[in-house]
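Chemist:
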Amino acid sequence: STSSDGASLGLHQDERHEDFKGERGWEMLTRRSVSWLLYLSRDGWGGKSGAGFGGQLRTYCRCSVAHSRCGADEGNLQVGWLSQPADANGPVDEPVFLDGWVKEVQPSSTQPRARSAMYIRSAQGKRRYLCDGFGADSASWPRLEASDDGMTAAAFAEALRAQLPTAELRRRFSSTEAVPHPRQHVVDVEPEGGTLVLFDAVAVPHEVLPTTAGERIALGGWLHEDVQPFPEWFGG
């Protein structure tokens, strides 16, 4: 892509959990995992006599606890952060993942149903679920029409927060797309030719600042991964 004076790209996130997208989320075969950019702008970008100014990639990053990596966990995508006390390096947060295949046995039916539930990873590597299972038919979940194309980011974040059982958890929870947030670190990347940028497509909201002079040139794309398969017990 090429960007000249005044061109920019608004704040967004490259991938979201399947539940965010409504029914079509589980119809896709793959999803974005890692976003990449390779800048091809001429030499000297940002210098007094260089090829141009502006056009920085601005990312909004969070520091994760050491025992849990962000983005995805056993195929379950991250949907938020749970704030933790600061350590010696500053504020740290627990990645919150959404398991969309929690098996619930119904007394009135021989067929179990799938529920969703948020969880974090403990320091011992165990899942710690933060809420009971919920679904599209839960009283606390927004109603969607069949024609709806998922939810807005703000509505999805509030719907998730509403599932948490205590005021303390609701206070500590924030969406992966919450910008600005006091626990974020803003990282700007200059579009200098030859620079390769890779970042998590799920956990890092980002934008491109306006190009103020010259022509910003870049190649961009995503590394994809398979969408989670339906479990054997579902729909059998």
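The sequence shown maps to residues 5 to 240 in the numbering used here.
Where is the CB? At the ideal position from N, CA and C, for every residue including glycine.
Which of helix, strand or coil does DSSP assign to W30?
Modeler: Correct three-state label for W30: helix.
Chemist: A207 to S112, Cα distance in whole Å?
Modeler: Their Cα atoms are separated by approximately 39 Å.
Chemist: Nearer than 7 Å: is that true of the beta carbon of G10 relative to any heavy atom of the ligand PLP?
Modeler: The ligand PLP is not part of the structure shown, which contains no ligands of any sort.
Chemist: Starting from G66 and walking both ways along the beta strand (DSSP E), at which residues does that stretch end?
Modeler: With the sequence shown as reference, residue 66 is identified as Arg, and Gly is not the correct amino acid for it. Counting along the chain, R66 falls outside any beta strand (DSSP E), and DSSP gives it neither H nor E.
Chemist: Excluding the five sequence neighbours on either side, which residues of its own chain have a C-beta within less than 6 Å of the C-beta of H221, listed in chain order?
Modeler: At residue 221 the sequence reads Ile, which differs from the His that was named. Same-chain partners within the cutoff: T6, L44 and S45.
Chemist: Give the range of the beta strand (DSSP E) segment to which L173 is assigned.
Modeler: Looking at the DSSP string, L173 is not in any beta strand (DSSP E); the run it does join, the alpha helix (DSSP H), is A171 to R176.
Chemist: Starting from E162 and walking both ways along the alpha helix (DSSP H), at which residues does that stretch end?
Modeler: Segment A157 to R165, the alpha helix (DSSP H) holding E162.
Chemist: Please return the same chain residues whose Cβ sits closer than 7 Å to the Cβ of L102, not counting the five positions on each side in sequence.
Modeler: So the qualifying residues of the chain are H21, D23, N80, L81, V83, S120 and M122.
Chemist: If you drop the 5 nearest sequence neighbours on each side, which residues of the same chain put their C-beta closer than 7 Å to that of C65?
Modeler: Around C65: Q188, H189, V191 and V208.
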